[in-house]
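Heads up, our numbering is the position in the sequence shown plus 144, with the first residue counted as 1.
Beneath this line is the structure, given in structure tokens, with notes to follow.
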Amino acid sequence: MTYLEELHQHYINTKIVILKVISNQIAEQYPVLKDDMEIKRNRLEINNDLCNCYIDLEDRAFKICIDGQAPYCYEDFESVLTDIEDEIASNE
145 MTYLEELHQH YINTKIVILK VISNQIAEQY PVLKDDMEIK RNRLEINNDL
195 CNCYIDLEDR AFKICIDGQA PYCYEDFESV LTDIEDEIAS NE
């Protein structure tokens, strides 16, 4: 494996660990979503009737895409949680 391949693999592994931490935080704050979250294609996907979105990390920002709409990027995770909360509230 070349240095570049090793670096890329390290990046992917780090990203997955961060997404697992994010998943745990979301599950703690919104238990209704706990069983409907999965890390696929190197992003966190939530497929629930109350919230259907994916969360990704891109250029030192959190990217969230809800119901296939244009994604939003935030520098802080609290804004992502607010979007999820708003989506849940609008679908209850």
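For each residue, glycine too, the CB sits at the ideal point set by N, CA and C.
Bear in mind the structure is a predicted one, so any value in this text is a computation, not a measurement.
Nearest-angstrom beta carbon gap, residue j and residue i [assumed within contact, 8 Å]
i    : j    : result
Y218 : A233 : Not really, about 18 Å apart at Cβ, beyond 8 Å.
I183 : S167 : 7 Å
L194 : K159 : About 26 Å; that fails the 8 Å criterion.
Y198 : R187 : 5 Å
Straight-line gap, residue i to residue j (C-alpha atoms, nearest Å)
i    : j    : result
N192 : A214 : 19 Å
D230 : L163 : 21 Å
E189 : D180 : 8 Å
Q153 : V161 : 12 Å
6 Å Cβ shell around residue i - same chain, five flanking residues per side excluded
i    : result
D227 : I208
Y216 : I208
Residues near residue i by beta carbon distance below 8 Å, same chain, minus five either side
i    : result
D220 : F206
A171 : L177, K178, M181
V165 : none
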